[in-house]
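Colleague: Listed in order, the protein sequences are those of chains A and B.
Here the first sequence is numbered in our numbering, starting from -1 and rising by one per residue.
Here the second sequence is numbered in our numbering, starting from 123 and rising by one per residue.
A virtual CB, placed ideally from N, CA and C, is assigned to each residue, including glycine.
Note that the coordinates shown come from a computational prediction; the quantities given were computed from them, not determined experimentally.
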Amino acid sequence: MHPFFQLLKKIIQTGIGKSRLLMATAGLGIAMVLLLIAIQAHTNFNQLLYGRQNQNESADFLVVNKKITNAMMGQSDKSMFTAEELQTIKQQSFVEAAGYITSSQFKVTAAAPGELQFYTDMFFESVPDSFIDVKNEEWKWQEGDEVIPIILPNDFLNLYNFGFALSQDLPQVSQETVKNLPVKITVSRGLLSSQFTGHIVGFSDRISSFLVPAAFMDWANNRYGNGKAAAPSRIVIKTSDPANPALVKFLDDHGYTTNQDKIKYSKTKLIVQTIVSVIGFFGIVLLLFALLVFSMFIQLIIASCKKEIRLLVMLGTAPAQLRRYLLRQFVPLYVITGIVAVLLVAVLQWVAARALAAHEMVISPWPGIGMWIAAVVVLLLVYFVNNRTIRKYLD
Amino acid sequence: MQIQLSHLVPLPLRDKLLQRVSDIWNKEVTFSPGSFIKIKAPSGTGKTTLVHYLYHIRYDYSGKILVNGKPWQDYNKPALAAIRQQQVSIIFQDLRLFDQLTAWENIELKRVMGPSPACTPEQVQEMAARLQVTHVLQQSARTLSYGERQRIAIIRALVQPFQWLLMDEPFSHLDEENTRRAAALIAETCKAQQAGFVLTDLDDDVHFNYNVQYQL
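(1) How would you label B:R278, buried or exposed, when you count the other beta carbons within 10 angstroms and need 16 or more for buried?
(2) Within this structure, are the beta carbons of A:V106 and A:F122 separated by less than 8 Å?
(3) Beta-carbon within less than 7 Å of A:M70's beta-carbon, same chain only, minus the 5 sequence neighbours each way: which residues are those?
(4) Cα-Cα, which of A:K16, A:G72, A:V181 and A:F248 is closest to A:Q89?
(5) Starting from A:A241, find everything on chain B with Cβ-Cβ shorter than 8 Å and list it in chain order.
(6) Report the three-state DSSP secondary structure of A:Q51 (helix, strand or coil).
(7) Under DSSP, the beta strand (DSSP E) around A:F248 begins and ends at which residues?
(8) Closer than 9 Å by beta-carbon distance: list the chain A residues that pair up with B:E244, in chain order.
(9) Express the C-alpha separation of B:F214 and B:L288 in angstroms, rounding to a whole number.
(10) Give me the subset of the segment 219 to 235 of chain B whose CB atoms are less than 8 Å from a CB atom of chain A, sorted by chain position.
(11) Counting Cβ pairs closer than 8 Å, one from the segment 286 to 296 of chain A and one from the segment 11 to 21 of chain A, do we hit at least three?
(12) Excluding the 5 residues flanking A:Y381 on each side, which residues of the same chain have their C-beta closer than 6 Å to its C-beta?
(13) Does any residue of chain B have a CB that is nearer than 8 Å to the CB of A:I300?
(14) Consider the C-beta atom of A:F121 and the heavy atoms of the ligand ADP; say whether any pair is separated by less than 7 Å.
(15) Against A:E306, what residues of chain B qualify as contacts under a CB-to-CB distance less than 9 Å, listed in chain order?
(16) Spatial neighbours of B:Y332 within its chain, please: C-beta separation below 6 Å, excluding the five flanking residues on both sides.
(17) In this structure, what does DSSP give as the bridge partners for A:I14?
(18) Which residues of the segment 172 to 204 of chain B have a Cβ closer than 9 Å to any Cβ of chain A? Give them in chain order.
(19) With 8 Å as the threshold, decide whether the Cβ of B:Q207 is near any Cβ in chain C.
(20) Decide if A:T80 is buried, meaning its Cβ has at least 16 other Cβ atoms within 10 Å, or exposed.
(21) With a Cβ-Cβ cutoff of 8 Å, do B:A275 and B:L324 count as a contact?
(22) A:T255 and A:N385 - do their beta-carbons sit closer together than 8 Å?
(23) Sort B:M235, B:V131, B:T265 and B:K169 by Cα distance to A:P317 and report the nearest one.
(24) Would you kindly report the start and end of the unbroken beta strand (DSSP E) that includes B:Y177?
(25) Give a yes or no on whether the C-beta atoms belonging to A:L285 and A:L26 are separated by under 8 Å.
(26) Please say whether B:L296 and B:A163 have beta carbons closer to each other than 8 Å?
(27) Candidates A:T335, A:V176 and A:F194: which alpha carbon is nearest A:T184's?
(28) List the residues of chain B that A:P1 touches, going by C-beta distances under 8 Å, in chain order.
(29) Hey, would you say A:F201 sits closer than 8 Å to A:Q173, going by beta carbons?
(30) Using the Cα positions of A:A96 and A:A22, report the straight-line distance between them to the nearest angstrom.
(31) Near A:I388, what residues of its chain come up, given a Cβ to Cβ distance below 7 Å and the 5 sequence neighbours on each side ignored?
Shown next, in the form of structure tokens:
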């Protein structure tokens, strides 16, 4: 240590409120641990939630419809979405994009070629092209095209293969085979009809429906529809976080419903968020108190050495020298406190990672970047507040 | 470093002082660098007040004190500290040592306060030996006699670099022999540092070869 500071140590006694300083330090330590745990728990939970679910996608899609209740049966207009409703949905912060699912207003029949004796009435729906996850060249249609690209729900193929085909003694088919099957599609209304070849271009998990390009749907609805623009009864939403409690609350409030599987995490998330927030809140309150006690301690030291400080300044001690000396009494204390808190959280994280690994849940054994940033921010905050206090009371 | 006084009058003594003739108060005075200046003053004419004005720890005056052409008020705290560490040293009339430090530490405090000490610890020991206070160096300043404290204060003022030394009755509690030794040490150190001093006292004396003498 600089010899001048050694002499200052004898003049400015910092041992005066040792117990108070100890309490402030302990408070700071506990506050930091709570805050860091809260942040780390948040990181871990996010990792658990999104690490497994959507590994390749940054967004998820929800198909939303109004709940069909007994009172609504037979009144299909009650399950329709108006333009205003779609607008309201689009304005929600958790909705990245939203679009109508347009359903066909004409009769559709499909027949499989050759020996597959397959003939069925069916329907089509379409969504804006940006919602389609089968992105390829084939996904387009324009007037005059003979071939209609179609996307089937994965579930549909499964139902056929494992339910229908086995029981009816029909051959099971692979996705590739289906893609190569030209399906005869007849679109009609009354006596008016057209023939197309349906070409399966992909399978989707997102939207459980038979999808055709929006261009075809518009054309066909126009030509074979009943002339009225029908209000759609399903809406597709693109969201980055289907477990967002705000999203679930919004759907509940408006009587909408969606694939419950996708939003099942929202309750867990809500509970974890609450617990984490409470811990974080206590951490912040405790941090504020620790800062207050630190400031009072500094004030006490300066007040108790007022005469000595005045004489030191009179003899030529620079204010910066006094400030540096006083900070030197505290800074090592916080740095050590900070390191201990970080180490403790790191150990907890490691233990938690091992414990969760036993249940096949993977979290990083190291604390996340958020925790490190928080630790540095807290230390900087303490330094800044103390520096200000010293500056204020020295003058 | 030049010090100029311009119509300096202490506000509390204003009426009293304006009735008497003074070489300093309400005059234009310039202290040129390196001069040995004696200011003689009867009690109650503002001797200590003047020293405190010159050291800028009292400010209740009218007129101006210009240091290198700039009034004291224009110097901020860090600049003032730098001046007190490197250009202006002082021996207070009431000494102002730290009771919680030893005599040695009191001297050391001033020696290591600035960026460049003016002398080594060995030189401090030498000075202490010359003023016959070696035996009290390790004692707490609290336990020293006033004469010993005065000599410690003198040494403390000499261990830093300075261009001006302000002294307020520096020998008031020293016998003739010690006064002679102290004056010789101060004169030598000032010469070595090419510094001047301002000394205030009640009576005439022959301790130094003064360049200028003023009557306050």
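Modeller: Inspection of the coordinates gives the following:
(1) On the second sequence, residue 278 of chain B is found 156 positions in, with the first residue counted as 1. Classification for B:R278: buried.
(2) Counting from one through the first sequence, the residue named residue 106 of chain A turns up at place 108. Counting from one through the first sequence, the residue named residue 122 of chain A turns up at place 124. It is a contact, given that the beta carbons lie within the stated cut-off.
(3) For the purposes of this step, residue 70 of chain A is taken as the residue at position 72 of the first sequence. Within the same chain, A:M70 has close Cβ partners K76 and S77.
(4) To locate residue 89 of chain A, count along the first sequence from 1; it is residue 91. Distance from the Cα of A:Q89 is smallest, within the candidate group A:K16, A:G72, A:V181 and A:F248, for A:F248.
(5) Counting from one through the first sequence, the residue named residue 241 of chain A turns up at place 243. Under the 8 Å cutoff, chain B gives no residues; its nearest Cβ is about 57 Å from A:A241.
(6) Sequence index remark: in the first sequence, residue 51 of chain A carries index 53 (1-based). Residue placement at A:Q51 cannot be trusted, given a pLDDT of 45 that sits under 50; the coordinates are not used to answer.
(7) By one-based count along the first sequence, residue 248 of chain A stands at place 250. A:F248 -> not in any beta strand (DSSP E); alpha helix (DSSP H) instead, spanning P243 to D251.
(8) Within the second sequence, residue 244 of chain B is the residue found at index 122, counting from 1. Near B:E244 there are no residues of chain A at all, since even the closest Cβ is about 15 Å away, more than 9 Å.
(9) As a working mapping, residue 288 of chain B is identified with position 166 in the second sequence. As a working mapping, residue 214 of chain B is identified with position 92 in the second sequence. Straight-line Cα distance between these residues: approximately 8 Å.
(10) Residues of the segment 219 to 235 of chain B whose Cβ lies closer than 8 Å to any Cβ of chain A, in chain order: F220, Q222, L223, E227, E230, L231, K232, V234 and M235.
(11) Short answer: they touch.
(12) Mapped onto the first sequence, residue 381 of chain A falls at position 383. Within the same chain, A:Y381 has no close Cβ partners at all.
(13) Here residue 300 of chain A corresponds to residue number 302 of the first sequence, with the count starting at 1. For A:I300, the answer is no, since every Cβ of chain B falls outside 8 Å of its Cβ.
(14) In the structure shown, the ligand ADP is absent, as is every other ligand, since no ligand is present at all.
(15) Locating residue 306 of chain A in the first sequence gives position 308, where the first residue counts as 1. Under the 9 Å cutoff, chain B gives F220 and Q222.
(16) Taking the first residue of the second sequence as position 1, residue 332 of chain B is located at position 210. Closer than 6 Å at Cβ, skipping near neighbours: F158 and K160.
(17) Position 16 of the first sequence holds residue 14 of chain A. In the DSSP output, where bridge partners are listed per residue, A:I14 has none listed.
(18) Y177, I179, K199, P200, L202, A203 and A204
(19) Although the question refers to chain C, the structure presented lacks it and instead comprises the protein chains A and B.
(20) Here residue 80 of chain A is taken as the residue at index 82 of the first sequence, counted from 1. Result: exposed.
(21) Position 153 of the second sequence, counting from 1, holds the residue named residue 275 of chain B. Position 202 of the second sequence, counting from 1, holds the residue named residue 324 of chain B. Contact flag unset, no.
(22) The residue labelled residue 385 of chain A in the question sits at position 387 within the first sequence. The residue labelled residue 255 of chain A in the question sits at position 257 within the first sequence. No. Outside cutoff.
(23) Your numbering for residue 317 of chain A matches position 319 in the first sequence. Answer by Cα proximity: B:M235.
(24) Position 55 of the second sequence, counted from the start, is the residue given in the question as residue 177 of chain B. That residue, B:Y177, is in no beta strand (DSSP E); it is neither H nor E in DSSP.
(25) As a position in the first sequence, residue 285 of chain A is number 287, starting the count at 1. As a position in the first sequence, residue 26 of chain A is number 28, starting the count at 1. Against a cut-off of 8 Å, the Cβ pair of A:L26 and A:L285 comes out as a contact.
(26) Taking the first residue of the second sequence as 1, we reach residue 163 of chain B at position 41. Taking the first residue of the second sequence as 1, we reach residue 296 of chain B at position 174. Contact: no.
(27) Against the first sequence, residue 184 of chain A aligns to sequence position 186. Selected option, being the one with the closest Cα: A:F194.
(28) As a working note, residue 1 of chain A is residue 3 in the first sequence. Correct list: E230 and V234.
(29) For the purposes of this step, residue 201 of chain A is taken as residue 203 along the first sequence, with counting starting at 1. For the purposes of this step, residue 173 of chain A is taken as residue 175 along the first sequence, with counting starting at 1. Going by C-beta atoms, A:F201 is nearer than 8 Å to A:Q173.
(30) Against the first sequence, residue 96 of chain A aligns to sequence position 98. Against the first sequence, residue 22 of chain A aligns to sequence position 24. Near 52 Å, if we compare the C-alpha coordinates of A:A22 and A:A96.
(31) By one-based count along the first sequence, residue 388 of chain A stands at place 390. Correct list, in chain order: I296, R321, L324 and L325.
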